[in-house]
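**Q**
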Amino acid sequence: DKMNEGDRSSMHEAMEQQSISISKAGINASLRTRCAVLAAANPTSGRFQPVSDVPFTSQINLAPPLISRFDIIWLLTDTPDDSRDEKIASHIIENRLKGSSELLVKEGTIPDPTRSAAQRKDAKKVDGKYEILPRDLLRKYVAYSKRTFHPKLDDEARAKIVAYYVETRKSGGDSEDSVAITARSLEALSRLAEASARIRLSDKATADDADRAIRLTKLWRLELMGENFDLTTIESGKKGKVRNQEKQIIDIVSVQQNDSGTSANLLEVLTEAERRDIPRSKAEDIIDKLCRDGRMMRPSGYDTLQVV
12 DKMNEGDRSS MHEAMEQQSI SISKAGINAS LRTRCAVLAA ANPTSGRFQP VSDVPFTSQI
72 NLAPPLISRF DIIWLLTDTP DDSRDEKIAS HIIENRLKGS SELLVKEGTI PDPTRSAAQR
132 KDAKKVDGKY EILPRDLLRK YVAYSKRTFH PKLDDEARAK IVAYYVETRK SGGDSEDSVA
192 ITARSLEALS RLAEASARIR LSDKATADDA DRAIRLTKLW RLELMGENFD LTTIESGKKG
252 KVRNQEKQII DIVSVQQNDS GTSANLLEVL TEAERRDIPR SKAEDIIDKL CRDGRMMRPS
312 GYDTLQVV
């Protein structure tokens with residue numbers, strides 16, 4: 012979210028077309044951008060508000076069309092929890108006590124603890140079961156798996172992903188205003204299943220990999236928006252109720268515009284909006300936003316409206 016607007020807009024082509032076009036100093040070229048993209052953004056108000064009240068897309072400084080291109084979206088909130096808070100605090104304090112001076116490491120007076128062979132041999136256990144892998148080994152493992160293995164979905168994996176897609180589309184109902192899942196999500200599911208196979212050092216993505224991809228997708232969708240997931244909210248940055256109110260305002264203006272033959276009267280539009288349970292202040296805000304977005308205009312002053 013700290014990127015300038017030009018760089019942020021260029022991300023659209025890079026993520027959608029897997030390439031980026033360059034035209035500088037008489038050189039025209041198209042470069043491949045097939046790489047993983049990890050992005051982070053802070054809430055504009057300091058803390059995330061409940062997504063049931065405000066769509067998270069309107070709480071961060073990233074455009075909804077760009078957000079919708081990511082395969083997984085995690086919403087990280089700082090919720091008080093005694094057990095977890097104690098573990099985090101203990102970990103930070105222990106690292107502080109065991110830490111080495113960065114100045115001494117740079118001067119070469121003491122070895123870098125992150126690259127120390129002795130530290131790698133003294134591997135710790137997490138909860139007495141899992142060994143902490145050295146950072147260098149993990150980097151080599153990821154690099155080797157990405158360079159060596161290029162998995163393909165087998166028939167069972169493809170069938171599972173298609174079945175999940177069809178079932179999710181069906182669960183969304185026949186609403187024209189909201190969509191539970193789109194074809195773009197199929198590519199995301201395929202990439203996640205292939206990544207699951209790659210981390211196993213396998214050239215074949217099986218049904219188990221497809222199940223893992225589906226579980227991940229279900230989890231982030233559930234944590235982000237609950238049971239009633241609406242992909243249109245992510246793509247537009249507006250909740251279904253707001254989109255419906257905008258549609259009603261546009262319908263009111265269109266009808267009055269056709270009846271008068273010229274434009275609609277603002278007062279009459281607000282009166283009709285109140286009849287449809289849209290508060291006057293809310294209707295005014297929606298009209299102002301529609302005018303700013305270029306979907307509506309005021310042809311003869313503030314009190315006249317016309318759909319573009």
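Numbered per this note's numbering, the sequence shown spans residues 12 to 319.
Backbone N, C-alpha and C define an ideal beta-carbon position, used for all residues, glycine too.
1) Measure from the alpha carbon of K258 to the alpha carbon of each residue in Y175, A50, L148, I297, then state which is nearest.
2) Quick one: any contact between the region 212 to 230 and the region 267 to 285, if contact means 3 or more CB pairs under 8 Å?
3) Starting from Q317, trace the beta strand (DSSP E) both ways and give me its first and last residue.
4) Alpha carbon to alpha carbon, what distance is there between N53 and D18?
5) State buried or exposed for A154, treating a residue as buried only when at least 16 other CB atoms are found within 10 Å of its CB.
6) Would you mind sorting Y152 into buried or exposed? The rule is 16 or more other CB atoms within 10 Å of its CB.
7) Measuring CA to CA, which of T44, T88, A36, D288 is closest to Q60?
8) Please name the residue in N269, L149, G237 whose C-alpha comes closest to that of A191.
9) Confirm, please, whether the CB-CB distance from L197 to N176 is below 8 Å.
10) Using a threshold of 8 Å, state whether the C-beta atoms of H23 and P76 are closer than that.
11) Can you tell me which residues form a DSSP beta bridge with I225?
12) Taking the straight line between their C-alpha atoms, what separation do you get for T90 and G312?
**A** So, to answer that:
1) Against the sequence shown, residue 258 aligns to sequence position 247. When the alpha-carbon of K258 is set against those of Y175, A50, L148, I297, the nearest one is in I297.
2) Too few Cβ pairs lie closer than 8 Å, so no.
3) In the sequence shown, the residue the question calls residue 317 occupies position 306. It spans 315 to 318 - the beta strand (DSSP E) in which Q317 sits, taken as one unbroken run.
4) The count along the sequence shown starts at 1 and reaches residue 18 at position 7. The count along the sequence shown starts at 1 and reaches residue 53 at position 42. Separation of D18 and N53 (C-alpha to C-alpha, rounded to the nearest whole angstrom) is 18 Å.
5) Indexing the sequence shown from 1 puts residue 154 at position 143. The residue in question, A154, is exposed, as its Cβ has fewer than 16 Cβ neighbours within 10 Å.
6) Here the question's residue 152 lines up with position 141 in the sequence shown. So Y152 ends up on the exposed side.
7) In the sequence shown, residue 60 corresponds to position 49, counting from 1. Among T44, T88, A36, D288, the Cα nearest to that of Q60 belongs to T88.
8) To locate residue 191, count along the sequence shown from 1; it is residue 180. Selected option, being the one with the closest Cα: G237.
9) Residue mapping note: residue 176 aligns to position 165 of the sequence shown, counting from 1. Residue mapping note: residue 197 aligns to position 186 of the sequence shown, counting from 1. Inspection of the sequence shows that residue 176 is occupied by Tyr rather than by Asn. In this structure, L197 lies closer than 8 Å to Y176 by Cβ.
10) In the sequence shown, counting from the first residue as 1, residue 23 sits at position 12. In the sequence shown, counting from the first residue as 1, residue 76 sits at position 65. Yes, the pair counts as a contact, with Cβ atoms nearer than the cut-off.
11) The residue labelled residue 225 in the question sits at position 214 within the sequence shown. Partner residues in a beta bridge of I225, as assigned by DSSP, do not exist.
12) Residue mapping note: residue 90 aligns to position 79 of the sequence shown, counting from 1. Residue mapping note: residue 312 aligns to position 301 of the sequence shown, counting from 1. Taken atom to atom, the span from the alpha-carbon of T90 to that of G312 is near 49 Å.
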